[in-house]
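See structure below.
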Ligand SMILES: Nc1ncnc2c1ncn2[C@@H]1O[C@H](COP(=O)(O)OP(=O)(O)O)[C@@H](O)[C@H]1O
Ligand SMILES: [Mg+2]
């Protein structure tokens with residue numbers, strides 16, 4: 001497996017338009033997207049983005065259409081040049097790379113999965129999957145080997161001789177994923193990769209990614225406009241609005257401590273039982289004897305409720321995932337409170 005590498009984005013700005021550089025001063029002084037638009041006819045795409053994406057985790061960037069998600073992800077492999085700022089990948093500033101260095105970097109360190117699959121219609125599943133390796137000059141037998149391994153891992157074994165138009169949307173997206181994984185790049189960039197899929201297929205594909213990630217441990221940057229998808233997939237989640245990050249944190253941070261009314265509005269529609277963890281709603285043990293029933297701290301309130309109902313219990317000991325020790329008590333009342341309150345400060 002390729003070495004893991006993280007991504008650091010520092011003071012990144014993107015202004016679209018011919019006088020971008022001149023307008024930087026105004027933006028640094030606090031000019032808004034609307035001001036820039038109305039007074040200067042330039043688009044403020046990104047406004048002072050700072051992010052630290054740890055290696056080997058799934059980082060979700062969430063926001064409504066036009067908030068700057070694609071602009072941001074395209075800076076990571078420099079499909080877009082910033083107006084100001086740094087994009088450090090594995091300690092190297094992508095913004096300063098020469099043409100050749102950038103080409104090597106894109107080819108070997110990053111892989112992309114697209115919303116529209118971008119499969120070649122006259123190539124089979126197998127030929128599409130090893131396409132990147134073919135371009136890299138990897139010998140035929142070796143690239144078939146690698147491609148077959150990923151075709152199997154994404155659940156497409158037996159379909160390798162089919163053509164894209166013989167596959168459903170979900171299956172085509174599996175090919176897109178297998179192709180991206182075949183080149184063994186440590187960074188996987190997914191821009192609304194699942195947004196065109198039907199809801200059930202989409203949830204399936206989320207499961208595929210989560211299962212794969214346990215093994216591949218890539219640094220995944222995953223873009224979505226869907227909060228449920230963000231909460232399910234993200235080790236970290238950044239929420240963008242008008243080119244600015246308005247909150248960064250874990251799913252628990254976003255749901256339990258929304259940064260402002262805008263995010264609270266989104267969060268209101270979330271199925272809290274499926275997101276809030278047992279250890280976020282527990283009470284401290286305070287030296288008391290832990291209850292006999294147990295639930296892992298990382299399990300959801302839904303999971304905990306199910307364990308209670310199945311065992312006729314109303315209290316569970318919450319077990320720390322790492323130490324295996326009981327660290328708190330979760331009661332049925334606490335579950336109900338966390339699920340029904342809009343702002344459980346549990
Ligand atoms: N090449 C461009 N020229 C001018 N404006 C652009 C360009 N690309 C994107 N924008 C603008 O930048 C903002 C962010 O766009 P984008 O990153 O595509 O948003 P998202 O992916 O979140 O839907 C939008 O206001 C969009 O209109
Ligand atoms: Mg986009």
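In the UniProt record's numbering, the protein residues as written are 1 to 346.
The C-beta atom is built at its ideal place from N, Cα and C for all residues, glycine as well.
As the structure is a prediction and not an experimental result, all values here were calculated from the model.
Check: In the structure shown, what three-state DSSP assignment does residue 259 receive?; Outcome: coil
Check: If I measure Cβ to Cβ from residue 334 and keep anything under 6 Å in the same chain, skipping five residues before and after, which residues do I get?; Outcome: 281
Check: May I ask whether a heavy atom of ligand 1 can be found less than 7 Å away from the beta carbon of residue 69?; Outcome: yes
Check: Do residue 144 and residue 174 have their beta-carbon atoms positioned less than 8 Å apart in this structure?; Outcome: no
Check: Can residue 176 be considered in contact with ligand 1, in the sense that its beta carbon sits closer than 7 Å to one or more heavy atoms?; Outcome: no
Check: Would you say residue 60 and residue 9 are within 8 Å of each other, going by their C-beta atoms?; Outcome: no
Check: Run the proximity test for residue 192: is its beta-carbon closer than 7 Å to any non-hydrogen atom belonging to ligand 2?; Outcome: yes
Check: Taking a contact to mean a Cβ-Cβ separation below 8 Å, would you say residue 273 touches residue 312 in this structure?; Outcome: no
Check: Run through DSSP, which three-state label would residue 342 get?; Outcome: With a pLDDT of 46 at residue 342, under the threshold of 50, the modelled position of this residue cannot be trusted; read the value that follows with caution. Residue 342 falls in the coil class under three-state DSSP.
Check: Quick check on the DSSP output: the beta strand (DSSP E) that includes residue 329 runs from which residue to which?; Outcome: 326-331
Check: What distance in whole Å lies between the Cβ atoms of residue 76 and residue 7, which are believed to be in contact at a cut-off of 8 Å?; Outcome: 6 Å
Check: When every heavy atom of ligand 1 is checked, does at least one fall within less than 7 Å of the C-beta of residue 309?; Outcome: no
Check: At a threshold of 7 Å, does residue 43 count as lining ligand 1 (C-beta to nearest heavy atom)?; Outcome: yes
Check: Are the CB atoms of residue 42 and residue 72 nearer to each other than 8 Å?; Outcome: no
Check: Start and end of the beta strand (DSSP E) containing residue 247?; Outcome: 244-249
Check: Between residue 323 and ligand 1, is the CB less than 7 Å from at least one heavy atom?; Outcome: no
Check: Identify, in the order they occur along the chain, each residue of the same chain with its Cβ nearer than 8 Å to the Cβ of residue 133, setting aside the five sequence neighbours on each side.; Outcome: 142, 143, 146, 147, 182, 183
Check: Report the partner residues of residue 16 according to the DSSP bridge assignment.; Outcome: 43
Check: If you draw a straight line from the C-alpha of residue 129 to the C-alpha of residue 193, how long is it?; Outcome: 16 Å
Check: Under three-state DSSP, which class holds residue 85?; Outcome: strand
Check: With a threshold of 8 Å between beta-carbons, can residue 232 be considered close to chain B, or not?; Outcome: The structure shown contains no chain B, having only a single protein chain.
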